[in-house]
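Below you'll find the structure, written out as structure tokens, and then a few comments.
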Amino acid sequence: MMNSLDLPKPPAETRVVVAMSGGVDSSVVAAILHEEGYDVVGITLQLYDAGEGARRAGSCCAGQDIHDARRVAETLGIHHYVLDYEDRFRAAVIDPFADSYLAGETPIPCVACNQTVKFRDLLATARDLGADALATGHYIDSRPNGGHRSLYRPRDLDRDQSYFLYGTTRAQLDFLRFPLGRLTKPETRALADKHGLAIAAKPDSQDICFVTKGRYSDVIQRLRPEAGEAGDIVHVDGRLLGRHAGILHYTIGQRRGIGIAAGEPLYVVALEPSTARVIVGPRKALATRRLRLRDVNWLGREAPGAYATARREVFVKLRSTRPPASALIVGDDADWQVELVEGEDGVAPGQACVFYAGEGAGAEVLGGGIIAEAVQPAPLANTPRTVAVAG
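According to this note's numbering, the sequence shown is numbered sequentially starting from 961.
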């Protein structure tokens, strides 16, 4: 007979490591599993040293969060450990984040963190502790599907974190559990209050955890001082409009803060690290109908070729806050591409493209990849001509 975690042992004989960030969600996971009688062990990761008083409102993984996780463990009466993963986090997440920005991309460090530090390194630690499963506070659902488990969008779509978890491998999924997948955030907070947890009203974490103050560009420039190389701001029609202080200050689709005055709204259309150029143009220059992907991770029961050959519809998310949109998978493993039925504006290399079998709650997560290129409707100008700079 299976227990509530789909494991063939009584809860009291089932050890579950809970990744406790110090927030409401992971604390409630520990509380409900402890209440059900599981042998719960809490682990909190020390990922970076933000410095005394440097905690940014809405960030996670800082010193206060470790303190909060420890208090929750004491309240529940469970074992709790803090592991120093700072070196691993820097090597696997922070350094690649900075390098990706220098390459003109807009990276998502939360994806890399889940793929490496949390679901590779922490999962291995959980196994070393004799755990039968690693549970987290992510809002995503998983269920048995034949010989393995599959991922599904959660009940609370406003909290859907599938965009950040598409890179989870099948082997990892078989060991992972997500108890909040069928709860809403208000229900989670109510459970925190029921269990007498002091963090019941704690604000949610937001933004990138290691950017504790200032802007992302400040962190990148501190890590990579050479990132501030000046260069030209060039219109897609070839006009030289001005200068900039480093492409790390720009992202695809950006409109505000470009630093030039013009007679029309201008958007960042492309970044060229090799020439240090920022290419700008009208909004229509952002239109994208086809994406080329790299580092694709496939979780679907059918091989991706079944979708590409038959041109079957899938749904994709290109941003964590946007709903899935209709698309087609084209190409093959040698050249993964996605054709957007409605098109999209401002798609940036480095972002994720996540595949789904449907749109709503319970839709299966088929996998995803990193956007290597957003195919534009027309080539960009290569040779700028100098004109008078406005402003």
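C-beta: ideal position from N, C-alpha, C; glycine also. Keep in mind that this is a model prediction, so the values were computed, not measured.
Next on the checklist: Nearest by alpha-carbon distance to residue 1075: which of 1335, 1157, 1327 is it?
Outcome noted: Residue 1075 has its Cα closest to that of 1327, out of 1335, 1157, 1327.
Item to check | Boundaries (first-last residue) of the beta strand (DSSP E) holding residue 1253 | outcome: If you look at residue 1253, you'll find it in the beta strand (DSSP E) that goes 1247 to 1258.
Item to check | Pick from 1234, 991, 1226 that is closest to residue 1097, judged by C-alpha positions | outcome: Comparing Cα positions, the closest option is 991.
Checklist entry - Around the Cβ of residue 1335, are there at least 16 other Cβ atoms within 10 angstroms (buried) or fewer (exposed)? => result With fewer than 16 other Cβ atoms within 10 Å, it is exposed.
Checklist entry - Where are the beta strand (DSSP E) runs, 3 residues long or more, that stay fully inside the region 1169 to 1227, in chain order? => result Within the region 1169 to 1227, the complete beta strand (DSSP E) runs of at least 3 residues are 1191 to 1195, 1199 to 1204.
Checklist entry - Per DSSP, what kind of secondary structure is residue 973 in: helix, strand or coil? => result Reduced to three states, the DSSP call for residue 973 is helix.
Checklist entry - Hey, how far is the Cα of residue 1362 from the Cα of residue 969? => result Residue 1362 is absent from the model: the chain starts at 961 and stops at 1351.
Item to check | Rounded C-alpha distance that separates residue 1180 from residue 1210 | outcome: Rounded to whole angstroms, the gap between the alpha carbons of residue 1180 and residue 1210 is 12 Å.
Next on the checklist: Here's the rule: buried if 16 or more other CB atoms are within 10 angstroms of the residue's CB, otherwise exposed. What is residue 1012?
Outcome noted: Because the pLDDT of residue 1012 is 40, which lies under 50, any placement of that residue in the model is unreliable, and the number read from its coordinates should be weighed accordingly. That one is exposed.
Next on the checklist: Only counting the same chain, and skipping five residues up and downstream in sequence, which positions put a Cβ closer than 6 Å to that of residue 1065?
Outcome noted: Taking residue 1065 as the centre and dropping the five residues before and after it, the same chain places the C-beta of 1309, 1310 closer than 6 Å to its C-beta, in chain order.
Item to check | Chain-order list of residues whose beta-carbon lies under 8 Å from that of residue 1275 (same chain, five-residue window excluded) | outcome: Apart from the 5 residues on each side of it in sequence, residue 1275 sits with its Cβ closer than 8 Å to the Cβ of 1284, 1285, 1286, 1287, 1315, 1316, 1317, 1318, 1319, 1323 in its chain, given in chain order.
Item to check | Three-state secondary structure (DSSP) of residue 1031 | outcome: Residue state for residue 1031 is assigned as helix, using DSSP reduced to three classes.
Checklist entry - Under the three-state reduction of DSSP, which class applies to residue 1066: helix, strand or coil? => result If DSSP states are grouped into helix, strand and coil, residue 1066 belongs with coil.
Checklist entry - Cβ of residue 1352 within 7 Å of Cβ of residue 977? => result An answer regarding residue 1352 cannot be provided, because it is not within the stretch 961 to 1351 covered by the chain.
Checklist entry - For the beta strand (DSSP E) that residue 1145 lies in, which residues bound it at each end? => result Membership of residue 1145 in any beta strand (DSSP E) is not indicated; the residue belongs instead to the alpha helix (DSSP H) covering 1145 to 1154.
Checklist entry - With a CB to CB cut of under 7 Å and the five nearest residues on each side skipped, what residues in its chain are close to residue 1189? => result If you ignore the 5 residues before and after residue 1189, its C-beta comes within less than 7 Å of the C-beta of 1206, 1236, all in its own chain and listed in chain order.
Checklist entry - For residue 1090 versus residue 1252, is the C-beta distance shorter than 7 Å? => result Residue 1090 is not a Cβ neighbour of residue 1252, given a cutoff of 7 Å.
Checklist entry - What first and last residue would you give for the alpha helix (DSSP H) that runs through residue 906? => result In the structure as shown, the chain begins at 961 and stops at 1351. Residue 906 is therefore absent and cannot be evaluated.
Next on the checklist: Going by DSSP, what residue range makes up the alpha helix (DSSP H) through residue 1044?
Outcome noted: First-last for residue 1044: 1039 to 1044, but that is the beta strand (DSSP E), not the alpha helix (DSSP H).
Item to check | Cα-Cα separation between residue 936 and residue 1246, rounded to whole angstroms | outcome: In this structure the chain extends from 961 to 1351, so residue 936 is not present and cannot be described.
Next on the checklist: Three or more C-beta pairs under 8 Å: does that hold for the region 1098 to 1116 against the region 1132 to 1141?
Outcome noted: Touching, per the Cβ criterion.
Item to check | Spatial distance of residue 1061 from residue 1208 (CA atoms) | outcome: Each residue's alpha carbon lies about 6 Å from the other.
Item to check | C-alpha distance - residue 1036 paired with residue 1117, whole-angstrom precision | outcome: Cα to Cα, residue 1036 sits roughly 29 Å from residue 1117.
Checklist entry - Between the region 1037 to 1050 and the region 1068 to 1083, do at least 3 Cβ pairs fall closer than 8 Å? => result In short, these stretches touch, since the Cβ pair count reaches three.
Item to check | Unbroken alpha helix (DSSP H) run spanning residue 1100, endpoints | outcome: First-last for residue 1100: undefined, no H or E at that position.
Item to check | Exposure label - residue 1197; buried when at least 16 CB within 10 Å | outcome: With fewer than 16 other Cβ atoms within 10 Å, it is exposed.
Item to check | Proximity of residue 1122 and residue 1113 at Cβ, strictly below 7 Å | outcome: With contacts defined as CB atoms closer than 7 Å, residue 1122 and residue 1113 qualify as a contacting pair.
Next on the checklist: For a minimum of 3 consecutive residues, which ranges assigned as the beta strand (DSSP E) are wholly contained in the region 1281 to 1308?
Outcome noted: Fully enclosed beta strand (DSSP E) runs of 3 or longer: 1285 to 1292, 1295 to 1305.
Checklist entry - Under 7 Å, do residue 1233 and residue 1063 count as touching if we go by C-beta distance? => result Yes, the pair counts as a contact, with Cβ atoms nearer than the cut-off.
Item to check | CB of residue 1220 within 7 Å of CB of residue 1202, strictly | outcome: Yes. Within cutoff.
Item to check | Option nearest residue 1168 by Cα separation, candidates 1053, 1194, 1299 | outcome: For the set 1053, 1194, 1299, the Cα lying nearest the Cα of residue 1168 is the one of 1053.
Item to check | Backbone CA spacing between residue 1302 and residue 1040 [nearest angstrom] | outcome: Taking the straight line from one Cα to the other gives about 49 Å.
Item to check | According to DSSP, residues forming a beta bridge with residue 1137 | outcome: DSSP, once it has assigned bridges, lists 1095 as partnering residue 1137.
Item to check | Residues near residue 1273 by beta carbon distance below 7 Å, same chain, minus five either side | outcome: For residue 1273, where only same-chain residues beyond five positions count, the Cβ hits under 7 Å are 1286, 1288.
Item to check | Neighbourhood of residue 1243 by C-beta, 6 Å cutoff - its chain only, sequence neighbours within 5 removed | outcome: For residue 1243, where only same-chain residues beyond five positions count, the Cβ hits under 6 Å are 1227.
Item to check | Cβ-Cβ separation, residue 1231 to residue 1212 (assumed contact under 8 Å), whole Å | outcome: Contact flag correct, Cβ pair sits at about 7 Å.
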